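Participant: I'd like to ask you about the structure that follows.
Number of protein chains: 2
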Amino acid sequence: MPKLWNETIEAHRRAVRDAILDAAWVLVAEHGLTSVRMSRIAEETGIGRATLYKYFPDVEAILIAWHERHVADHLERLVELRDRVGDAGERLEAVLEAYALICHRREHRGTEQVAALVHRGEPAARAQRQLIGLFRDLLTEVAETGVVRDDVAPDELASYCLHALAAAGSLPSEAAVRRLVAVTLDGLRPPH
Amino acid sequence: MPKLWNETIEAHRRAVRDAILDAAWVLVAEHGLTSVRMSRIAEETGIGRATLYKYFPDVEAILIAWHERHVADHLERLVELRDRVGDAGERLEAVLEAYALICHRREHRGTEQVAALVHRGEPAARAQRQLIGLFRDLLTEVAETGVVRDDVAPDELASYCLHALAAAGSLPSEAAVRRLVAVTLDGLRPPH
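Chain order of the listed sequences is A and B.
If you use the UniProt record's numbering, the first sequence corresponds to residues 1 to 192, in order.
If you use the UniProt record's numbering, the second sequence corresponds to residues 1 to 192, in order.
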């Protein structure tokens, strides 16, 4: 087959896959994890049940794929903020704030069941390592500008950031999240 | 019955209960959660099986009680450090370091199964609230001395501390834990 045709098939498969993930997510958000069936997902996506099973074996696999895509989107957004042109300190602040807001919105979406399902296993661990790596690289770069302390290794500071910002999950407002980001950033500054 | 007699019985019951918790914990640490039976716990404690069942219905209940006692001991230790005579800033540092070391040792004990069992439900949630309360009270007190920032509310700072210090669980050494405490403390100081 010509290359173009293969690409078209690939794009089509990706579009169907995305539509399945979106449909499953909408159904889970509306009706809860346990009441969503494969047949309902096929119907909502506008495909046959047999086609759906060519993509995924069960609802759990769909939700895990949804979460992987969701995490990949978040990582992409954070990488984009990190790699922007401009002052390293400002980029650090932008990444910290974006991550804190992700934590904040996650806890407010009321999807604890799904979280318990997807926050284990290798994909989740890999995403966590990528996140740590992203923070570590940025902190290493920023440390050279003197904006960030150099008496603690960047990977230890990265772990501090990720844990501290996770507090955003239990904060009541985005204003409180921004205060948390300011406090966390002050911990990163060179000591007086 | 005279009061003294009641107190003696109460003390005896408490001693038996403590011995059961200790025995169960030793067995779980040695053999793993799933291979520990009630009969083995009774044997290790030096009591009959029937007596054991008067105290606890199953292994899970014993481990939950063990964890409650364990958490209560930790809280007591933190309260004791908080209430010492002396400089408020130093007491804050002592409490932060003690809590970080608790997190550090917890993750290094290899008791993930037990953690999954006990870190849910009302007693765990109550302990978490007590911990937040302890940090908040101390931060409120210290804020008055000017050692801690007053542009963020003490309960938000308490949540920041607890989350940031939980990073101690994945740190490789106590030296790294002390660096984490220093970074976390710097986040609490009045901004330059």
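We treat Cβ as the ideally placed atom computed from N, Cα and C, and that holds for glycine.
Note that the coordinates shown come from a computational prediction; the quantities given were computed from them, not determined experimentally.
Measure the C-alpha to C-alpha separation of glutamate 122 of chain B and cysteine 161 of chain A and round it to an integer number of angstroms.
Facilitator: Taking the second sequence and counting its residues from 1, one reaches residue 122 of chain B at position 122. Taking the first sequence and counting its residues from 1, one reaches residue 161 of chain A at position 161. Computed Cα separation, rounded: 29 Å.
Participant: When you compare the stretch 143-155 of chain B with the stretch 149-163 of chain A, are there three or more beta-carbon pairs, one atom per stretch, that lie closer than 8 Å?
Facilitator: No contact exists between the stretch 143-155 of chain B and the stretch 149-163 of chain A.
Participant: Should histidine 31 of chain A go down as buried or exposed, given a rule of 16 or more other Cβ atoms within 10 Å for buried?
Facilitator: Along the first sequence, read from residue 1 onward, the residue named residue 31 of chain A stands at position 31. Exposed, by the Cβ-count rule.
Participant: Taking the alpha-carbon positions, what's the leucine 134 of chain A to glutamate 80 of chain A distance?
Facilitator: Against the first sequence, residue 134 of chain A aligns to sequence position 134. Against the first sequence, residue 80 of chain A aligns to sequence position 80. Going by the C-alpha atoms only, they are around 11 Å apart.
Participant: In or out: threonine 45 of chain A buried (at least 16 other Cβ within 10 Å) or exposed?
Facilitator: Along the first sequence, read from residue 1 onward, the residue named residue 45 of chain A stands at position 45. Buried, by the Cβ-count rule.
Participant: CA-CA distance, aspartate 18 of chain A and lysine 54 of chain A?
Facilitator: Mapped onto the first sequence, residue 18 of chain A falls at position 18. Mapped onto the first sequence, residue 54 of chain A falls at position 54. C-alpha separation (whole angstroms): 14 Å.
Participant: Would you verify that the beta carbon of alanine 176 of chain A is, or is not, closer than 8 Å to some beta carbon of chain B?
Facilitator: Translated into the one-based positions of the first sequence, residue 176 of chain A becomes position 176. It does: the Cβ of alanine 176 of chain A has a partner Cβ on chain B nearer than 8 Å.
Participant: DSSP on glutamate 10 of chain A, reduced to helix/strand/coil?
Facilitator: Start at 1 with the first residue of the first sequence, and residue 10 of chain A comes out as number 10. Helix, per DSSP.
Participant: In whole angstroms, what is the alpha-carbon distance linking arginine 129 of chain B and glutamate 60 of chain A?
Facilitator: If you number the second sequence from 1, residue 129 of chain B lands on position 129. If you number the first sequence from 1, residue 60 of chain A lands on position 60. For arginine 129 of chain B and glutamate 60 of chain A, the distance between alpha carbons rounds to 33 Å.
Participant: Helix, strand or coil for valine 16 of chain A, going by three-state DSSP, please let me know.
Facilitator: Walking along the first sequence from the start, residue 16 of chain A turns up at place 16. Of the three classes helix, strand and coil, the one that applies to valine 16 of chain A here is helix, per DSSP.
Participant: Report yes or no: is there a C-beta of chain B within less than 8 Å of the C-beta of aspartate 186 of chain A?
Facilitator: By one-based count along the first sequence, residue 186 of chain A stands at place 186. It does; some Cβ of chain B falls within 8 Å.
Participant: Can a CB atom of chain A be found closer than 8 Å to the CB of glycine 110 of chain B?
Facilitator: For the purposes of this step, residue 110 of chain B is taken as the residue at position 110 of the second sequence. At glycine 110 of chain B the pLDDT is 48, less than 50, meaning the model places this residue with poor confidence and gives no usable figure here.
Participant: Measure from the alpha carbon of residue 197 of chain A to the alpha carbon of each residue in A:Pro191, A:Ile41, A:His192 and A:Ala182, then state which is nearest.
Facilitator: Residue 197 of chain A lies beyond the residue range present for chain A, which begins at 1 and ends at 192; the question has no answer from this structure.
Participant: Give the straight-line distance between the Cα atoms of valine 118 of chain A and isoleucine 64 of chain A, rounded to the nearest whole angstrom.
Facilitator: Here the question's residue 118 of chain A lines up with position 118 in the first sequence. Here the question's residue 64 of chain A lines up with position 64 in the first sequence. Each residue's alpha carbon lies about 6 Å from the other.
Participant: With DSSP run on the structure shown, which of helix, strand or coil describes isoleucine 47 of chain A?
Facilitator: As a working note, residue 47 of chain A is residue 47 in the first sequence. Looking at isoleucine 47 of chain A - three-state DSSP - the assignment turns out to be coil, as it is neither helix nor strand.
Participant: Going by DSSP in three states, phenylalanine 135 of chain A sits in which element: helix, strand or coil?
Facilitator: Residue 135 of chain A sits at position 135 when you count from the first residue of the first sequence. In this structure, phenylalanine 135 of chain A counts as helix in the three-state DSSP scheme.
Participant: Can you tell me whether glycine 110 of chain B is buried or exposed? The criterion is at least 16 other CB atoms within 10 Å of its CB, across all chains shown.
Facilitator: One-based indexing of the second sequence puts residue 110 of chain B at position 110. Only weak support is given to the placement of glycine 110 of chain B: the predicted model assigns it a pLDDT of 48, under 50, and the value that follows is read from those uncertain coordinates. Exposed is the call here.
Participant: Counting only beta-carbon separations shorter than 8 Å, does tyrosine 99 of chain A have a partner in chain B?
Facilitator: For this step, residue 99 of chain A is matched to residue 99 along the first sequence. No, its Cβ sits nowhere closer than 8 Å to a Cβ of chain B.
Participant: What do you get for threonine 184 of chain A, buried or exposed, if any count of 16 or more other CB atoms within 10 angstroms of its CB means buried?
Facilitator: Along the first sequence, read from residue 1 onward, the residue named residue 184 of chain A stands at position 184. Classification of threonine 184 of chain A: buried, given that the 10 Å Cβ count is 16 or more.
Participant: Mapping the DSSP letters down to three states, classify histidine 192 of chain B as helix, strand or coil.
Facilitator: Walking along the second sequence from the start, residue 192 of chain B turns up at place 192. If DSSP states are grouped into helix, strand and coil, histidine 192 of chain B belongs with coil.
Participant: Checking contacts by CB at 8 Å: is serine 39 of chain A closer than that to chain B?
Facilitator: Working through the first sequence from its first residue, we reach residue 39 of chain A at position 39. No, serine 39 of chain A lies away from the interface with chain B (no Cβ there is under 8 Å from its Cβ).
Participant: Throw me the rounded Cβ distance for the valine 148 of chain A and leucine 188 of chain A pair, which I believe falls under 8 Å.
Facilitator: Taking the first sequence and counting its residues from 1, one reaches residue 148 of chain A at position 148. Taking the first sequence and counting its residues from 1, one reaches residue 188 of chain A at position 188. Sure, about 5 Å apart at Cβ, within 8 Å.
Participant: Taking 6 Å as the limit between beta carbons, can you name the residues of its chain near phenylalanine 56 of chain B, skipping five residues before and five after?
Facilitator: Counting from one through the second sequence, the residue named residue 56 of chain B turns up at place 56. So the list reads Ile62, once near-sequence residues are dropped.
Participant: Can you look up arginine 178 of chain B in the DSSP assignment and give me helix, strand or coil?
Facilitator: One-based indexing of the second sequence puts residue 178 of chain B at position 178. Here arginine 178 of chain B sits in helix by DSSP.
Participant: Could you give the DSSP three-state label for valine 85 of chain B: helix, strand or coil?
Facilitator: Your numbering for residue 85 of chain B matches position 85 in the second sequence. Here valine 85 of chain B sits in coil by DSSP.
Participant: What does histidine 163 of chain B touch in chain A if you count any residue whose Cβ is under 7 Å from its own?
Facilitator: For the purposes of this step, residue 163 of chain B is taken as the residue at position 163 of the second sequence. What histidine 163 of chain B touches in chain A: His163, Ala164, Ala166 and Ala167.
Participant: Contact defined as beta carbons within less than 8 Å: I believe leucine 171 of chain B pairs with histidine 104 of chain B. What is the distance between those atoms, to the nearest angstrom?
Facilitator: Reading the second sequence from its first residue, position 171 is the one you call residue 171 of chain B. Reading the second sequence from its first residue, position 104 is the one you call residue 104 of chain B. Yes, leucine 171 of chain B and histidine 104 of chain B are in contact; Cβ-Cβ is about 6 Å, under 8 Å.
Participant: So which residues of chain A does glutamate 156 of chain B contact, with C-beta pairs closer than 9 Å?
Facilitator: Here residue 156 of chain B is taken as the residue at index 156 of the second sequence, counted from 1. Within 9 Å Cβ-Cβ: Ala167, Leu171, Ala176, Arg179, Leu180 and Val183.
Participant: Could you name the residues of chain B that valine 152 of chain A contacts, counting a contact when the two beta carbons are closer than 9 Å?
Facilitator: Position 152 of the first sequence, counted from the first residue, corresponds to residue 152 of chain A. Within chain B, the residues near valine 152 of chain A are Ala176, Arg179, Leu180, Ala182 and Val183.
Participant: For chain E, is any of its Cβ atoms less than 8 Å away from the one on arginine 14 of chain A?
Facilitator: Reference to chain E is not applicable here, since the protein chains of this structure are A and B.
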